[in-house]
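Note sheet for the following structure.
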């Protein structure tokens with residue numbers, strides 16, 4: 005989901021940094037051992053001498069290679085436009101509809117190339133996988149300590165950014181909308197229930213399998229019932245093989261879609277004028293929350309811009325822009341306490357019967373991903 009860019013950092017500037025850490029290159033010597041930090045190895049804004057130094061270095065690069073960021077997904081269009089206007093940095097998004105695995109593939113296959121993505125925004129389990137593959141660069145944003153435990157890598161190679169709950173979206177003008185996973189098995193929904201892609205590649209589809217597992221006797225340690233559920237959904241003829249998107253919803257090809265609540269809620273607003281009454285329900289029998297994870301690619305062509313992008317996303321401004329797009333920002337509890345949360349946007353979120361989201365551990369997510377990777381083919385073959 006993101007496009008490529010040519011790196012602007014000149015050889016002269018790189019040499020200057022190595023020899024004297026010239027401030028003109030946007031970096032200063034700040035490490036205790038006296039070595040000059042470089043953008044590619046900076047682990048915090050302090051390695052640039054502070055935010056002003058980071059901003060200067062990022063502006064010098066002038067570009068950011070992003071991938072898999074549809075403009076209508078969690079308000080990313082406004083987020084990108086705001087970042088570009090604020091810093092004068094061009095954000096090019098390659099393959100906006102790509103999956104989390106596509107992002108990782110793009111990074112690994114373009115190591116050392118100017119076309120490599122600078123940053124990734126992947127499903128939580130895929131962020132863990134990317135760290136295990138050693139393709140991520142550690143970087144602590146200024147708000148790192150406010151990110152809840154369990155939603156960040158201790159080495160700061162990835163940290164959750166925003167997310168929500170698995171939900172059921174449905175065109176109420178076509179059918180009576182189901183509100184639980186159990187209802188989706190009803191014969192009246194024959195050929196109607198779609199996912200957003202292959203669960204072995206799509207973070208949202210993977211979460212749908214996890215939610216279905218919880219609705220059918222599974223747990224964070226046991227995702228297998230989710231595979232059994234979708235096998236049954238296919239056997240009764242209700243599983244729709246079409247990958248659900250706003251376009252397929254508008255065309256009537258996917259009248260029911262299991263997707264994140266913030267995406268389904270966003271579709272409700274955008275499709276209303278197009279004759280689609282898109283209703284959203286968070287299934288109480290399969291309550292599963294998950295967040296996407298941000299990460300910087302270790303060989304990012306624009307390392308300073310990549311780090312500034314992270315700082316922007318984890319600022320109150322960036323977090324509230326996600327909230328405006330119906331996504332629940334990871335810093336929502338801290339911002340609510342600090343008084344920086346957009347209360348109006350927060351009040352528009354879909355209702356959920358839970359005091360606070362609960363997440364699987366890294367080990368549980370990794371194991372669940374392995375089980376789905378081995379078993380999804382069997383679901384389709386049954």
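Residue numbers (the working numbering): 5 to 386.
All C-beta atoms, glycine included, are put in the ideal place defined by N, C-alpha and C.
Nothing here was measured: the structure is a model prediction, and the numbers come from that model.
What does DSSP give as the partner residues of residue i in its beta bridges?
i: residue 167; result: 295 and 332
i: residue 174; result: 260 and 283
i: residue 124; result: 299
i: residue 197; result: 243 and 260
Quick check on residue i: buried or exposed, where buried means 16 or more other Cβ atoms within 10 Å of its Cβ?
i: residue 263; result: buried
i: residue 373; result: buried
i: residue 336; result: buried
i: residue 182; result: buried
i: residue 107; result: buried
i: residue 383; result: buried
i: residue 90; result: exposed
i: residue 276; result: exposed
i: residue 358; result: exposed
i: residue 206; result: buried
i: residue 341; result: exposed
i: residue 75; result: exposed
i: residue 85; result: exposed
i: residue 126; result: buried
i: residue 145; result: buried
i: residue 178; result: exposed
i: residue 109; result: exposed
i: residue 333; result: buried
i: residue 255; result: exposed
i: residue 28; result: Here the model assigns residue 28 a pLDDT of 38, short of 50, so the residue's position is not dependable, and the following value carries that caveat. Its Cβ having fewer than 16 others within 10 Å, residue 28 is exposed.
i: residue 311; result: buried
Under the three-state reduction of DSSP, which class applies to residue i: helix, strand or coil?
i: residue 377; result: helix
i: residue 156; result: strand
i: residue 272; result: helix
i: residue 290; result: helix
i: residue 301; result: strand
i: residue 38; result: With a pLDDT of 31 at residue 38, under the threshold of 50, the modelled position of this residue cannot be trusted, and the question is left open.
i: residue 230; result: helix
i: residue 248; result: coil
i: residue 206; result: coil
i: residue 4; result: The structure shown has nothing for residue 4, since the chain only spans 5 to 386.
i: residue 44; result: coil
i: residue 141; result: strand
i: residue 223; result: strand
i: residue 385; result: helix
i: residue 372; result: helix
Since residue i and residue j should fall inside the 8 Å C-beta cutoff, what is the C-beta to C-beta distance between them, to a whole number of angstroms?
i: residue 293; j: residue 324; result: With 8 Å as the limit, residue 293 and residue 324 do not qualify as a contact, their Cβ atoms being about 20 Å apart.
i: residue 260; j: residue 197; result: 5 Å
i: residue 111; j: residue 100; result: No, residue 111 and residue 100 are not in contact; Cβ-Cβ is about 16 Å, not under 8 Å.
i: residue 52; j: residue 155; result: Actually they do not touch by this definition, with Cβ atoms about 25 Å apart.
i: residue 214; j: residue 297; result: With a Cβ gap of about 16 Å, residue 214 and residue 297 do not count as contacting.
i: residue 143; j: residue 300; result: 5 Å
i: residue 195; j: residue 241; result: 6 Å
i: residue 266; j: residue 330; result: 4 Å
i: residue 201; j: residue 247; result: 5 Å
i: residue 173; j: residue 271; result: 6 Å
>> I'd like the ranges of any alpha helix (DSSP H) spanning at least 4 consecutive residues and lying wholly in the segment 51 to 101.
In response: 55 to 65 and 80 to 91
>> My parser needs the alpha helix (DSSP H) runs of 4 or more residues fully inside the segment 312 to 369; what are they?
In response: 320 to 328, 336 to 342 and 347 to 350
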